[in-house]
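Residue numbers (my numbering): 1 to 197. Heads up, the beta-carbon is just placed ideally off N, CA and C, and yes, glycines get one too.
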Ligand code: FES
């Protein structure tokens with residue numbers, strides 16, 4: 001075999017090896033980059049969501065999906081907030097001692113900002129979705145002394161406008177408050193808990 005032929009074969013071998021190595025690197029890099037972006041499945045499993053509350057008028061409620069659950073955001077009026085005090089002796093866990101919420105929402109209004117209730121809209125009894133009975137009085141089929149809140153149609157649990165369950169209802173605890181934080185006056189990040197619970 002001539003020296004020239006040996007050199008040519010060696011060069012071809014080096015090029016082939018480099019190309020194969022590059023392919024391995026490229027193949028390895030794709031899943032790595034992909035793993036940095038949250039997949040749809042990861043989002044459904046728990047990635048936080050941002051709620052734009054800029055157009056939510058006083059007294060209105062909006063719903064966003066987080067972890068496949070409905071999260072209600074209710075912009076409470078001063079009258080709605082006043083109703084919480086009126087029913088405090090009729091709810092089973094007024095200070096939310098036994099209920100699920102971050103530490104920063106463990107207060108009378110169960111909120112970071114009193115004006116906005118951010119709550120998981122799933123009954124703590126067997127998981128039905130309570131209906132809005134936000135207006136006070138019997139206009140929405142509730143008792144005349146109703147102060148406004150939510151009603152679970154499955155077994156009749158009643159909740160006030162902070163998601164606190166009334167006494168002697170099937171639901172064992174208040175509605176759950178999810179971790180959340182305000183990104184601005186009009187934007188809430190739901191599902192992330194930077195301040196810690
Ligand atoms: S599921 Fe709501 S009262 Fe039973």
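Using only the alpha-carbon positions, how far apart do residue i and residue j sit?
| i | j | result |
| --- | --- | --- |
| residue 116 | residue 191 | 16 angstroms |
| residue 167 | residue 146 | 14 angstroms |
| residue 69 | residue 84 | 25 angstroms |
| residue 106 | residue 114 | 11 angstroms |
| residue 80 | residue 157 | 19 angstroms |
| residue 128 | residue 153 | 8 angstroms |
| residue 96 | residue 142 | 24 angstroms |
| residue 111 | residue 104 | 7 angstroms |
| residue 91 | residue 160 | 8 angstroms |
| residue 60 | residue 98 | 28 angstroms |
| residue 122 | residue 130 | 7 angstroms |
| residue 89 | residue 108 | 12 angstroms |
| residue 94 | residue 87 | 9 angstroms |
| residue 52 | residue 144 | 35 angstroms |
| residue 177 | residue 134 | 18 angstroms |
For residue i, verify whether its CB is less than 7 angstroms away from any heavy atom of the ligand FES.
| i | result |
| --- | --- |
| residue 131 | no |
With H, G and I counted as helix, E and B as strand and the rest as coil, what does DSSP make of residue i?
| i | result |
| --- | --- |
| residue 183 | strand |
| residue 131 | strand |
| residue 78 | helix |
| residue 121 | coil |
| residue 51 | strand |
| residue 86 | helix |
| residue 103 | helix |
| residue 152 | coil |
| residue 193 | coil |
Quick check on residue i: buried or exposed, where buried means 16 or more other Cβ atoms within 10 Å of its Cβ?
| i | result |
| --- | --- |
| residue 55 | exposed |
| residue 155 | exposed |
| residue 119 | buried |
| residue 63 | exposed |
| residue 50 | exposed |
| residue 174 | buried |
Taking 7 angstroms as the cut-off, does the CB of residue i come closer than this to any heavy atom belonging to the ligand FAD?
| i | result |
| --- | --- |
| residue 78 | Judged by which ligands are present, the ligand FAD is missing from the structure shown, whose ligands are the ligand FES. |
Please list, in chain order, all residues with a C-beta atom less than 5 angstroms from at least one heavy atom of the ligand FES. For the ligand FES, the selected residues are 123, 125, 126, 128, 152, 154, 155, 157 and 170.
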